[in-house]
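Working notes for the structure below.
In this note's numbering, the protein residues as written are 63 to 262.
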């Protein structure tokens, strides 16, 4: 099954490029960063936009924040090959500025199609920008680690907002919060379906 899902994701990438989504961003970026990992994953991580390292390598979360993400996965006895990692915006904004509302808006339908292809059990947003895209009234300091059902069209996702791994790089106490939140979120992703909405 995952081979079919991977080819659908590859086709989606080609479509974004062919349709000229966000031409200004595309012109300043090295390449489109569609995502990486298991196309049949139970857990999908969604960040905001690629940075410099991601733009160069064509992979999401490969810099310092990505190394911490790997640490979080290891703490939950998972590997990058077990999950899928992507961003809302698929091109690096110039000088790593925040993506603009319009940029997020035009990439949003493609992100929804990615989720529909992968069909994860849990969507984990990284940072307030990504979290607020799914949960408009999000207050990350209050809501981090709390699962919420979010409905889009025909699909319903269990969304768990987490702090961005970059936040933990500059704040040691946040590192443990993020790891604890993620271990709990990973447990939710493996629970039987009947109780998947319940976070302990």
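Virtual Cβ for every residue (Gly too), placed ideally from N, Cα, C. Remember, predicted model here, so these are calculated numbers, not experimental data.
Boundaries of the alpha helix (DSSP H) in which residue i is found, first to last residue
i: residue 172; result: 163-180
i: residue 123; result: Element bounds for residue 123: n/a, residue is neither H nor E.
i: residue 202; result: 202-205
i: residue 245; result: 234-252
Residue i and residue j closer than 8 Å at C-beta
i: residue 191; j: residue 160; result: yes
i: residue 217; j: residue 253; result: no
i: residue 179; j: residue 148; result: no
i: residue 200; j: residue 223; result: yes
Endpoints, the beta strand (DSSP E) within which residue i is located
i: residue 211; result: 210-214
i: residue 224; result: 217-224
i: residue 106; result: 105-109
Residue environment, residue i, which counts as buried when at least 16 other CB atoms sit within 10 Å
i: residue 131; result: buried
i: residue 103; result: buried
i: residue 204; result: exposed
i: residue 206; result: buried
Backbone secondary structure at residue i - three-state DSSP
i: residue 147; result: strand
i: residue 188; result: strand
i: residue 83; result: coil
i: residue 193; result: helix
i: residue 78; result: helix
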